[in-house]
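In the numbering used here, the protein residues as written are -18 to 266. Built from N, CA and C at the ideal position, the CB exists for glycine as well. To start, the structure itself, in structure tokens.
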Ligand code: AMP
Ligand code: MN
Ligand code: MN
Ligand code: MN
């Protein structure tokens, strides 16, 4: 069993890279990919611990992209570098993405203050490490009594439907996929259920993304029912996309119902063959 989708506290997870490796060893994973949002810091910090523990650690990252022109729907793209090291151009683009995130965070603070919330950027940034994301805002809002739960914080203040919401720009999916390909990475559409597209539109979206360089589809995921997993496995085969899978583990204090390796109530089980497929594809690139 392997897990190709996990987060550390370098993005919005709660475990330190070293703790995540220890947990991967405890649950008996044969391989683990760290796929933090917009940063490789967690992967890099974990690498020495993984080596010492004999854990096969795969370099990954999760990126936002937008599906449509007006930017209301997003697609998360997982990029894997199982053999290659990403190019300098890609690393520079990531820094720029993190800079834009900081700008969004400053606007979000101003927007929350205008809504009467007593909050500072320093307070929120203290919760994060490599980057500060909305889940860090949510934790501060809960701790200060402005929201009952993380979900409540998103509903009232941080989510798309909240009055104080501030949008963060991202590239169109096809451009994101092309960027990953040019960087030497394998681009995969994460948790396709969250695209919110009907099956016809979803298939067309994946075909268009494949034309731009998409190589895989995340078929196993904590939010996919067994029926859906079978559907996506079939769809990946039909479209000539590599199947991947992972729990999307964020740590017990962020998503307590999702376990590393096995997902939600044991609904995820990713075979080692999926990683073999990624490595074979990477070797051909
Ligand atoms: P950011 O990248 O800073 O815009 O934050 C996006 C992250 O917020 C996502 O990766 C999710 O983990 C989290 N998120 C987004 N919407 C919600 C929601 N409605 N409830 C809980 N978490 C959410
Ligand atoms: Mn996340
Ligand atoms: Mn995601
Ligand atoms: Mn994720």
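Residue 234 and residue -12 have their alpha carbons spaced roughly 12 Å apart.
Remark: the C-beta of residue 57 is in contact range of ligand 3, defined as less than 6 Å to any heavy atom. For the pair residue 16 and residue 93, the Cα-to-Cα distance works out to about 29 Å. Put simply, the region 130 to 146 does not touch the region 181 to 191. Fewer than three CB pairs are less than 8 Å apart. Residue 134 sits close to residue 119, with the two beta carbons spaced by under 7 Å.
By the Cβ neighbour-count rule, residue 266 is exposed, with fewer than 16 other Cβ atoms within 10 Å of its own. In this structure, residue 231 lies away from residue 41, with their beta-carbon atoms at least 7 Å apart. By the C-beta density criterion, residue 249 is buried, having at least 16 other C-beta atoms within 10 angstroms. For residue 229, the shortest C-beta to heavy atom distance toward ligand 4 is below 6 Å. For residue 1, same chain residues with a beta-carbon under 6 Å away, outside a window of 5 residues either side, are -11 in chain order. The beta carbons of residue 166 and residue 60 sit closer together than 7 Å. Set against 6 Å, the gap from the CB of residue 62 to the closest heavy atom of ligand 1 is not smaller. For residue 3, the uninterrupted alpha helix (DSSP H) run begins and ends at -2 to 7, by DSSP.
The region 192 to 207 makes contact with the region 151 to 164, as at least three CB pairs between them are under 8 Å.
In terms of side-chain proximity, the C-beta atom of residue 19 is found no nearer than 6 Å to any non-hydrogen atom of ligand 2. Distance from the C-beta of residue 120 to the nearest heavy atom of ligand 1 is not below 6 Å. The residues 122, 134, 137, in chain order, have a CB closer than 6 Å to that of residue 128 in the same chain once the five nearest residues on each side in sequence are set aside.
In summary, residue 32 is exposed, with fewer than 16 beta-carbon neighbours lying within 10 Å of its beta-carbon over all protein chains present. Residues of the same chain with a CB within less than 7 Å of the CB of residue 214, apart from the 5 flanking positions on each side, are 200, 224 in chain order.
Assignment of alpha helix (DSSP H) within the region 84 to 136, counting only whole runs of 4 or more residues, yields 102 to 106, 115 to 124, 131 to 134 in chain order. By alpha-carbon distance to residue 54, the top candidate from 210, 110, 176, 226 is 176. Look at residue -7: its beta carbon is less than 6 Å from one of the heavy atoms in ligand 2.
Relative to the Cα of residue 105, the nearest Cα in the group 96, 124, 228, -14 belongs to 124.
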